Structures are given as C-alpha cells and as structure tokens.
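Undergrad:
2 protein chains.
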Amino acid sequence: MGGDHAPAAPVAGALDAVRGDPGIVVDLVGRRADLEAEVASQGGAPANLKVVHADEVVEMADSPVEALRRRPEASILKALQRLAGGESDAFVSAGSTGAVVAASMMVLGRLPGVRRPGIAVPVPARNTHGVCLLIDAGANPNCRPHHLFQYGVMGANYYAKIFGEENPRVALLSIGEEEGKGNTLTRDAAKILRKSPIRFTGNVEGRDLFGGACEVAVTDGFVGNIILKTSEGAAEMVFGMFAEALASRSPEVLQKVMGQIDYAEWGGAPLLGVNGVVVIAHGRSDRRAIANAIRVAARAVNQQLNDTIVRGLSRAGAGAGP
Amino acid sequence: MGGDHAPAAPVAGALDAVRGDPGIVVDLVGRRADLEAEVASQGGAPANLKVVHADEVVEMADSPVEALRRRPEASILKALQRLAGGESDAFVSAGSTGAVVAASMMVLGRLPGVRRPGIAVPVPARNTHGVCLLIDAGANPNCRPHHLFQYGVMGANYYAKIFGEENPRVALLSIGEEEGKGNTLTRDAAKILRKSPIRFTGNVEGRDLFGGACEVAVTDGFVGNIILKTSEGAAEMVFGMFAEALASRSPEVLQKVMGQIDYAEWGGAPLLGVNGVVVIAHGRSDRRAIANAIRVAARAVNQQLNDTIVRGLSRAGAGAGP
Numbered sequence: 064m065g066g067d068h069a070p071a072a073p074v075a076g077a078l079d080a081v082r083g084d085p086g087i088v089v090d091l092v093g094r095r096a097d098l099e100a101e102v103a104s105q106g107g108a109p110a111n112l113k114v115v116h117a118d119e120v121v122e123m124a125d126s127p128v129e130a131l132r133r134r135p136e137a138s139i140l141k142a143l144q145r146l147a148g149g150e151s152d153a154f155v156s157a158g159s160t161g162a163v164v165a166a167s168m169m170v171l172g173r174l175p176g177v178r179r180p181g182i183a184v185p186v187p188a189r190n191t192h193g194v195c196l197l198i199d200a201g202a203n204p205n206c207r208p209h210h211l212f213q214y215g216v217m218g219a220n221y222y223a224k225i226f227g228e229e230n231p232r233v234a235l236l237s238i239g240e241e242e243g244k245g246n247t248l249t250r251d252a253a254k255i256l257r258k259s260p261i262r263f264t265g266n267v268e269g270r271d272l273f274g275g276a277c278e279v280a281v282t283d284g285f286v287g288n289i290i291l292k293t294s295e296g297a298a299e300m301v302f303g304m305f306a307e308a309l310a311s312r313s314p315e316v317l318q319k320v321m322g323q324i325d326y327a328e329w330g331g332a333p334l335l336g337v338n339g340v341v342v343i344a345h346g347r348s349d350r351r352a353i354a355n356a357i358r359v360a361a362r363a364v365n366q367q368l369n370d371t372i373v374r375g376l377s378r379a380g381a382g383a384g385p
Numbered sequence: 064m065g066g067d068h069a070p071a072a073p074v075a076g077a078l079d080a081v082r083g084d085p086g087i088v089v090d091l092v093g094r095r096a097d098l099e100a101e102v103a104s105q106g107g108a109p110a111n112l113k114v115v116h117a118d119e120v121v122e123m124a125d126s127p128v129e130a131l132r133r134r135p136e137a138s139i140l141k142a143l144q145r146l147a148g149g150e151s152d153a154f155v156s157a158g159s160t161g162a163v164v165a166a167s168m169m170v171l172g173r174l175p176g177v178r179r180p181g182i183a184v185p186v187p188a189r190n191t192h193g194v195c196l197l198i199d200a201g202a203n204p205n206c207r208p209h210h211l212f213q214y215g216v217m218g219a220n221y222y223a224k225i226f227g228e229e230n231p232r233v234a235l236l237s238i239g240e241e242e243g244k245g246n247t248l249t250r251d252a253a254k255i256l257r258k259s260p261i262r263f264t265g266n267v268e269g270r271d272l273f274g275g276a277c278e279v280a281v282t283d284g285f286v287g288n289i290i291l292k293t294s295e296g297a298a299e300m301v302f303g304m305f306a307e308a309l310a311s312r313s314p315e316v317l318q319k320v321m322g323q324i325d326y327a328e329w330g331g332a333p334l335l336g337v338n339g340v341v342v343i344a345h346g347r348s349d350r351r352a353i354a355n356a357i358r359v360a361a362r363a364v365n366q367q368l369n370d371t372i373v374r375g376l377s378r379a380g381a382g383a384g385p
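Top line first, the protein sequences correspond to chains A and B.
Here the numbering used here is used: the first residue of the first sequence is 64, the next is one more, and so on.
Here the numbering used here is used: the first residue of the second sequence is 64, the next is one more, and so on.
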C-alpha cells in the first residue's frame with residue numbers, strides 16, 4: 064500500500080518479479096479488496112503471488128511512532144509480524160521510511176551487537192561495479208562515532224556479499240580529504256575506523272561519491288538523507304534544463320540519460336542491522352523500482368546476508384561499544 | 064594568488080572589474096613579480112588597479128591555522144591587515160577557504176554579538192530573484208542552535224539588502240518538512256527561529272533548495288559544505304551524461320545549460336559576521352567568477368552591509384546567547 068503510486072506500482076512490480084522468477088514468492092499485504100482488484104486488472108495472480116489482508120495503512124504525513132501505535136492493523140506491522148513469525152523471509156516497502164524503520168526496530172529488533180540500523184542506498188558511481196553504497200541514508204539522524212563505525216562494517220560486508228568485491232573501500236563523508244578535516248563526529252569516527260580491519264580509505268567529499276572514490280560511503284542519517292535529496296534535486300534541475308533546451312529534438316538523448324540516472328535501476332535500499340531482511344524502496348518507485356527492490360530482498364535472503372553481517376561485526380570487533 | 068587558476072584568472076577578473084567600473088579600485092596582493100608580469104601580459108594596469116607585494120602564499124594543502132602561523136607574510140594576511148587598517152574596504156579571495164575564514168577571524172575579529180561567522184553561498188533557485196542563499200557553507204562545522212539562529216538573521220538581512228526583497232523567507236535545512244523532523248541541532252534551532260521576528264517558514268528538504276521554497280536556507284557548515292559539493296557533483300555527472308549522449312551535436316544546448324548552472328554567474332560568497340567585508344570565490348573560479356566576486360564585495364561596501372547586519376541582529380534579539 065506504500066509509495067506515491069500505490070497500489071498500482073507495487074502490484075505491477077510484484078507481478079513482474081514473480082513472473083520473472085518462479086523462485087520468488089510475494090505476499091501483497093494490504094486492503095484485500097483494493098489489492099485483489101488491482102491484481103485482477105493487471106492480468107491476475109500467478110501461483111507465487113497472494114494477497115494478505117491488513118485493515119489499515121500508515122500515511123506519509125503521519126508521525127511514524129504515533130501512527131504505528133494508533134494503527135495496530137497497519138500493513139507495515141502486519142507484514143513485519145509475518146516476517147518475525149517465519150511466514151516470510153523479507154519485507155519490501157515503498158511506504159513512509161520513518162514508519163518502516165520504527166516498525167522494523169519494534170517488531171524485528173536489532174541483530175546481535177548492532178546499536179542502530181542504517182539504510183544503505185546504492186548510488187551510481189564510476190567504480191568497478193558502478194555503485195557506491197551510502198549508509199546511513201536516514202534511519203539515524205543523531206549518530207555517535209561507534210554507529211558510523213558499525214555502518215562501515217555492515218556496508219563493507221553487504222557490498223562484498225552482493226557485488227562479490229572482496230575488499231571494498233570504505234570512506235567517511237566529510238568536508239575535505241585531509242585527515243582531521245570534518246566535524247567532531249567524523250573526526251572521532253575516523254579514529255575508530257582507522258584502527259579497524261576493514262579497508263578504510265579516509266575522508267571523501269560529496270562530489271567524490273559519484274566519482275568512484277569508494278564502494279561504501281559512511282555518514283550519519285541526517286547528512287545522508289540530505290545528500291540523497293540534494294543530489295536528486297540537482298540532477299533533476301540539470302535534466303530539466305536540458306529537456307527545455309533540447310525541446311522536442313533528440314528525445315532519444317533524454318531517454319538515454321534518464322535511464323542512467325534513474326533510481327529505478329537500483330530500486331531497493333536494505334535496512335542493515337535489523338534482525339530480518341528489510342528493503343526500502345523510494346516513495347516515487349515505479350513498477351521497475353519495485354521489482355528491483357524485491358530482487359534485492361531475494362538476493363539478501365539467498366545469500367544469508369544477516370549471518371554475514373553478524374560475523375563481520377564480530378570479526379571487526381564492532382559489536383560492543385558506546 | 065589563490066585558486067586553481069591563479070594568478071591568471073584573478074588578474075583577468077580584477078582587470079575586467081576595474082575596467083568595467085571606474086568606481087572600483089583593486090589592489091592585487093601577492094608576489095609582485097608574478098602579478099606584474101601577469102598584468103602586463105593582459106594589457107597592463109589601468110589607474111584603478113595596483114599590485115601590493117606579499118612574500119608568501121598559503122597553499123591549499125596546508126592546515127589553515129598552521130600555515131598562517133608559519134607564514135606571517137602570506138598574501139591572505141597582508142590583504143586582511145590592509146583591510147583592518149583602513150587601506151581597503153573589502154577582501155576577495157579564491158584561495159583556501161579554511162585559511163580565509165581563520166585569517167579573517169584572527170585579523171578582523173567578529174561583528175558585535177556574532178558567535179560564529181558563516182559563509183553565505185548563492186545557489187540557483189526558482190524563486191523571485193533566482194537565488195537561494197545557503198548559510199553556512201563551511202566556516203563552522205560544529206554548530207550550536209544559536210549559531211543557526213544568527214545565520215538565519217544575518218542571511219535574511221543580507222538577502223534583503225542585496226536583492227531588495229523586503230521579507231525573505233528563511234528556512235532550516237532538514238530531513239522532512241514537518242515540524243519536529245530533523246536532528247537534535249535543527250530541532251532546537253527551529254524552536255529559537257520560530258520565536259524570532261524574521262520570516263521563518265520551517266524546514267525544507269535538500270531538493271527544495273533549488274525549487275525556490277525559500278530565499279535563505281540555514282544549515283551547519285558541515286552539512287552546507289557537503290550539500291554544495293554533492294550538488295556540484297550530481298550536476299556535473301548529469302551534464303557529463305548529456306555531453307556524451309549528444310556527442311558533437313547541439314553544442315549550443317550544452318553551452319546554454321552550462322551558462323545556467325555555472326557558479327561563475329554568482330561568483331562570490333560573503334563571509335557574514337566578520338568585522339569587514341570578505342568575499343570568498345570558488346577555488347575553480349575563472350575570470351568571470353572573480354569579476355563577479357569583486358562586484359559582490361563592492362556592493363556590500365556601498366550598501367553598508369555590516370551596519371545592516373549588526374542592526375538586524377540587535378533587532379532580532381540574536382546578539383547574545385550561548
């Protein structure tokens with residue numbers, strides 16, 4: 064039921080995912096009547112897709128914790144309870160990020176040793192795999208140095224597992240590459256990261272994110288969220304200028320560039336550190352973004368992501384801490 | 064001597080500024096031999112431009128405070144000492160931002176009541192004047208709520224003066240528009256701003272910066288600097304994609320868009336809150352950016368910017384505070 068284009072886009076994306084891969088089974092959790100009508104209008108449900116009823120929906124404007132308290136039958140809670148109870152292996156949502164994070168913490172809890180879960184958003188970058196993982200992108204706006212350390216370790220283990228990159232470069236987003244540049248938080252986090260066994264390569268600046276200077280870029284949830292939205296805004300502004308300047312000439316150029324910057328290519332951002340596989344899709348997700356988010360979740364399940372993360376934290380001595 | 068294209072670009076920009084406006088007088092402060100050779104190669108100095116010798120230069124890689132201590136004859140210090148002594152009215156530099164901020168604090172000190180100076184960078188936006196002022200863009204990476212309050216008041220007074228906008232909208236950069244969204248710093252700052260007499264319109268998200276939702280966007284220097292560099296990076300990435308997709312077709316489209324996003328249009332960011340007019344130009348400034356930065360400085364002097372700011376702070380009750 065979540066996202067700007069619900070239920071049409073989530074239903075379409077789920078249908079694409081299950082039709083494309085018989086190994087994926089999707090339960091659509093939400094208002095049965097709405098979902099069944101949508102599924103029917105899109106050609107009906109194959110055997111590996113079913114609708115699970117939930118009476119209520121958390122709206123974007125709601126305060127997450129309040130909304131969850133007032134709506135015990137919300138689809139987000141229902142879906143997470145099914146995951147916690149073993150009726151599913153992963154949860155994907157394009158709904159309110161705040162509500163997904165709060166509900167995941169409440170229902171699933173954290174992995175052993177994790178202080179704060181973090182959202183790991185893949186952004187396009189000019190490195191080997193074309194992707195830089197930005198963590199945290201908004202789960203935790205008030206970070207302590209140890210949280211950033213854990214984000215580095217979780218991000219590195221996720222990247223290594225998903226992209227098969229043995230020793231991903233982990234950098235800290237800051238305001239200058241030189242050691243000692245930054246604010247109190249990043250300077251303290253750098254000290255911990257430098258002593259850790261992960262491949263910490265120091266500070267990167269905002270522009271290097273896209274330049275391919277690292278595989279994992281660590282930041283607090285306040286900065287990470289602002290970075291994502293600012294770069295979206297800047298990219299759209301420039302895209303709009305070209306669209307206007309080109310007018311109706313060269314539509315194939317617009318389409319080609321749109322394909323390159325489209326978040327739908329990446330689709331899903333895992334919430335790392337919760338005790339279960341949770342993938343957050345952009346609120347503006349279209350069917351392709353939803354299908355990709357479902358595939359990201361399936362891959363995380365098949366590759367036993369959370370076992371890897373728990374082992375990685377323990378190996379890096381990142382479990383304990385303030 | 065500062066910036067990636069020194070001394071050629073600073074000299075060319077200064078020549079453009081003084082040739083275009085006989086009311087502007089520029090002293091080029093730096094190594095006499097280098098500067099005089101450059102001036103001569105660019106057609107010689109008119110009456111309203113002269114060279115003032117300084118023996119040393121602060122390099123970009125230097126730690127600002129260290130560099131200033133080790134180089135008492137640095138051009139940045141020399142120029143600021145002339146400003147403090149009344150031999151000039153303003154200081155413009157494309158050199159190390161950290162060094163300009165540190166030296167300005169040391170040599171000029173702060174305006175009465177100001178806790179921390181802030182860099183006010185104009186960014187392109189879809190509001191009446193086409194400009195949103197982002198403050199602080201990097202002077203103060205560890206902010207307290209009262210600093211953000213002062214940035215709001217200084218930014219509003221600067222915007223009103225320079226653009227003739229009577230009651231500019233001041234917003235706080237955060238991770239959600241709803242009151243109460245953000246981190247501890249922004250939530251506390253919002254409480255102060257809401258009670259103040261300036262036109263505080265609440266939170267804006269990163270993408271709204273370009274959308275024209277406000278005239279002044281307040282943030283701490285860590286976030287502000289990362290925002291600037293990330294949006295530059297994102298804009299360049301998209302621009303590069305179009306340049307590649309268009310190949311050699313439509314060079315006029317590339318040029319038109321370049322003109323729209325070019326920071327050189329804006330040119331200079333005032334360091335608000337120091338006791339003197341200081342304008343910081345981008346390190347990559349070309350001649351046009353330098354000329355614009357000089358004009359920004361001249362306007363700030365002619366309009367008695369700092370008197371306005373001191374009165375504005377006092378009117379808003381923003382002078383005292385923790």
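Where a beta carbon is used, it is the ideal one built from N, C-alpha and C, also for glycine.
Treat the numbers as computed from the prediction; the structure is a model and nothing was measured.
Kindly indicate which residue of A/Ala-253, A/Val-267, A/Ala-363 has the alpha-carbon position closest to the one of A/Ile-261.
TA: Mapped onto the first sequence, residue 261 of chain A falls at position 198. The shortest CA-to-CA distance from A/Ile-261 to any of A/Ala-253, A/Val-267, A/Ala-363 is the one to A/Ala-253.
Undergrad: Taking B/Val-320 as the query, report the chain A residues whose CB atoms sit under 8 angstroms from its CB, ordered along the chain.
TA: As a position in the second sequence, residue 320 of chain B is number 257, starting the count at 1. Correct list: Val-301, Met-304, Phe-305, Ala-308.
Undergrad: Taking C-beta pairs closer than 7 angstroms, name the residues in chain B that A/Ile-238 reaches, listed in chain order.
TA: Looking up residue 238 of chain A in the first sequence gives position 175. Simply Gly-201, Pro-204, Phe-285, Asn-288, Ile-289.
Undergrad: B/Lys-292 versus chain A: which residues are under 7 angstroms apart at the beta carbon?
TA: Within the second sequence, residue 292 of chain B is the residue found at index 229, counting from 1. The answer, in chain order, is Glu-268, Gly-269, Arg-270.
Undergrad: Cβ of A/Glu-278 less than 9 angstroms from any chain B Cβ?
TA: Here residue 278 of chain A refers to the residue found at position 215 when the first sequence is read from its first residue. Not closer than 9 angstroms to any Cβ of chain B, the Cβ of A/Glu-278 fails to qualify, so no.
Undergrad: Could you spell out where the alpha helix (DSSP H) holding B/Ser-377 opens and where it closes?
TA: Numbered from its first residue, the second sequence carries residue 377 of chain B at position 314. For B/Ser-377, the enclosing alpha helix (DSSP H) starts and ends at 368-378.
Undergrad: If the cut-off is 8 angstroms on Cβ atoms, which residues from the segment 332-351 of chain B count as contacting chain A, listed in chain order?
TA: none
Undergrad: Within 10 Å of its beta-carbon, does A/Gly-322 have 16 or more other beta-carbons around it, so buried, or fewer, so exposed?
TA: As a position in the first sequence, residue 322 of chain A is number 259, starting the count at 1. An exposed status is given to A/Gly-322, since fewer than 16 other beta-carbon atoms sit within 10 Å of its beta-carbon.
Undergrad: Which residue from A/Ala-188, A/Met-168, A/Val-281, A/Arg-173 puts its Cα closest to that of A/Cys-206?
TA: On the first sequence, residue 206 of chain A is found 143 positions in, with the first residue counted as 1. Nearest to A/Cys-206 by C-alpha distance, out of A/Ala-188, A/Met-168, A/Val-281, A/Arg-173, is A/Val-281.
Undergrad: Any heavy atom of the ligand SAH closer than 8 angstroms to the CB of A/Val-120?
TA: Of ligands this structure carries none, so the ligand SAH is not represented either.
Undergrad: Classify B/Ala-253 as helix, strand or coil using the three-state DSSP reduction.
TA: For the purposes of this step, residue 253 of chain B is taken as the residue at position 190 of the second sequence. B/Ala-253 falls in the helix class under three-state DSSP.
Undergrad: Around the C-beta of B/Asp-67, are 16 or more other C-beta atoms found within 10 angstroms, so that it is buried, or is it exposed?
TA: As a first step, residue 67 of chain B is located in the second sequence; it is residue number 4 there, counting from the start. So B/Asp-67 counts as exposed.
Undergrad: Could you work out which residues of chain B lie near A/Ala-297, taking near to mean beta carbons separated by less than 7 angstroms?
TA: Here residue 297 of chain A refers to the residue found at position 234 of the first sequence. Phe-273, Ser-294, Ala-297, Ala-298, listed in chain order.
Undergrad: Measure the Cβ-Cβ separation of B/Ala-157 and B/Leu-140 and say whether it is below 9 angstroms.
TA: Working through the second sequence from its first residue, we reach residue 157 of chain B at position 94. Working through the second sequence from its first residue, we reach residue 140 of chain B at position 77. Not a contact, by the Cβ cut-off of 9 angstroms.
Undergrad: Between the segment 224-254 of chain B and chain A, which residues of the former have CB atoms less than 7 angstroms from a CB of the latter, in chain order?
TA: Leu-236, Ile-238, Gly-245, Asn-246, Thr-247
Undergrad: For A/Val-155 and A/Ala-344, which I take to be in contact (beta-carbon distance under 8 angstroms), what is that distance rounded to the nearest angstrom?
TA: Start at 1 with the first residue of the first sequence, and residue 155 of chain A comes out as number 92. Start at 1 with the first residue of the first sequence, and residue 344 of chain A comes out as number 281. Confirmed, Cβ separation roughly 6 angstroms.
Undergrad: Would you verify that the beta carbon of B/Pro-208 is, or is not, closer than 9 angstroms to some beta carbon of chain A?
TA: For the purposes of this step, residue 208 of chain B is identified with residue 145 of the second sequence, where counting begins at 1. Cβ-Cβ to chain A under 9 angstroms: no for B/Pro-208.
Undergrad: According to DSSP, is A/Thr-264 part of a helix, a strand, or is it coil?
TA: What you label residue 264 of chain A is simply residue 201 of the first sequence in a count that begins at 1. Strand.
Undergrad: So which residues on chain A does B/Ile-324 lean against when the C-beta distance must stay under 9 angstroms?
TA: The residue labelled residue 324 of chain B in the question sits at position 261 within the second sequence. Those are Ala-297, Met-300, Val-301, Met-304, listed as they occur along chain A.
Undergrad: Would you give the residue range spanned by the beta strand (DSSP E) that B/Leu-335 belongs to?
TA: Translated into positions along the second sequence, residue 335 of chain B becomes position 272. Unbroken beta strand (DSSP E) run through B/Leu-335: 331-335.
Undergrad: Ends of the alpha helix (DSSP H) at A/Ala-344?
TA: Stepping through the first sequence from its first residue, residue 344 of chain A is reached at position 281. Here A/Ala-344 belongs to no alpha helix (DSSP H); instead the beta strand (DSSP E) covers 340-344.
Undergrad: Would you mind reading off the limits of the beta strand (DSSP E) that contains A/Lys-113?
TA: Position 50 of the first sequence, counting from 1, holds the residue named residue 113 of chain A. Looking at the DSSP string, the run of the beta strand (DSSP E) that includes A/Lys-113 is 112-116.
Undergrad: Exposed or buried, B/Ala-276, counting other C-beta atoms within 10 Å across all chains shown (16 or more means buried)?
TA: Translated into positions along the second sequence, residue 276 of chain B becomes position 213. So B/Ala-276 counts as buried.
Undergrad: Taking three-plus beta-carbon pairs below 8 angstroms as touching, is the segment 303-310 of chain B in contact with the segment 348-366 of chain A?
TA: no
Undergrad: Just to confirm, are B/Ala-162 and B/Val-121 a CB contact at a threshold of 9 angstroms?
TA: In the second sequence, residue 162 of chain B corresponds to position 99, counting from 1. In the second sequence, residue 121 of chain B corresponds to position 58, counting from 1. Cβ distance < 9 angstroms, so B/Ala-162 and B/Val-121 count as in contact.
Undergrad: So, are the CB atoms of B/Ile-289 and A/Val-279 less than 9 angstroms apart?
TA: Reading the second sequence from its first residue, position 226 is the one you call residue 289 of chain B. Reading the first sequence from its first residue, position 216 is the one you call residue 279 of chain A. No.
Undergrad: Quick check on DSSP: helix, strand or coil for B/Val-177?
TA: Stepping through the second sequence from its first residue, residue 177 of chain B is reached at position 114. Three-state result, B/Val-177: coil.
Undergrad: Can you pull the chain A neighbours of B/Val-316, defined as C-beta to C-beta under 8 angstroms?
TA: Here the question's residue 316 of chain B lines up with position 253 in the second sequence. Residues of chain A passing the Cβ test: Phe-305, Ala-308, Leu-309.
Undergrad: Taking 9 angstroms as the threshold (C-beta atoms), are B/Ile-182 and B/Leu-334 in contact?
TA: As a working mapping, residue 334 of chain B is identified with position 271 in the second sequence. As a working mapping, residue 182 of chain B is identified with position 119 in the second sequence. Result yes, Cβ atoms of B/Leu-334 and B/Ile-182 sit closer than 9 angstroms.
Undergrad: How about A/Val-337 and A/Gly-83: are their beta carbons less than 9 angstroms apart?
TA: On the first sequence, position 274 is the one that residue 337 of chain A refers to. On the first sequence, position 20 is the one that residue 83 of chain A refers to. Cβ atoms of A/Val-337 and A/Gly-83: not closer than 9 angstroms.
Undergrad: Quick check: the Cα distance between B/Glu-119 and B/Gln-144, rounded to an integer number of angstroms?
TA: Residue mapping note: residue 119 of chain B aligns to position 56 of the second sequence, counting from 1. Residue mapping note: residue 144 of chain B aligns to position 81 of the second sequence, counting from 1. For B/Glu-119 and B/Gln-144, the distance between alpha carbons rounds to 14 angstroms.
Undergrad: Between the Cα of A/Val-342 and those of A/Ala-202, A/Pro-127, A/Glu-99, A/Val-177, spot the shortest distance and give me the residue it belongs to.
TA: To locate residue 342 of chain A, count along the first sequence from 1; it is residue 279. Among A/Ala-202, A/Pro-127, A/Glu-99, A/Val-177, the Cα nearest to that of A/Val-342 belongs to A/Ala-202.
Undergrad: Below 8 angstroms, how does it come out for the segment 212-228 of chain A and the segment 182-191 of chain A: are there three or more Cβ pairs, yes or no?
TA: Segments in contact, yes.
Undergrad: Just to confirm my understanding: we take B/Gly-375, look at its own chain, exclude 5 residues before and 5 after, and list those with CB closer than 6 angstroms. What are they?
TA: Here residue 375 of chain B refers to the residue found at position 312 of the second sequence. Val-216, Asn-220, listed in sequence order.
Undergrad: Tell me the DSSP secondary structure of A/Leu-171 in three-state form.
TA: By 1-based counting over the first sequence, the position of residue 171 of chain A is 108. If DSSP states are grouped into helix, strand and coil, A/Leu-171 belongs with coil.
Undergrad: Flag A/Pro-187 as yes if its beta-carbon sits less than 9 angstroms from any beta-carbon of chain B, otherwise no.
TA: Position 124 of the first sequence, counted from the first residue, corresponds to residue 187 of chain A. By this cut-off, A/Pro-187 is an interface position.
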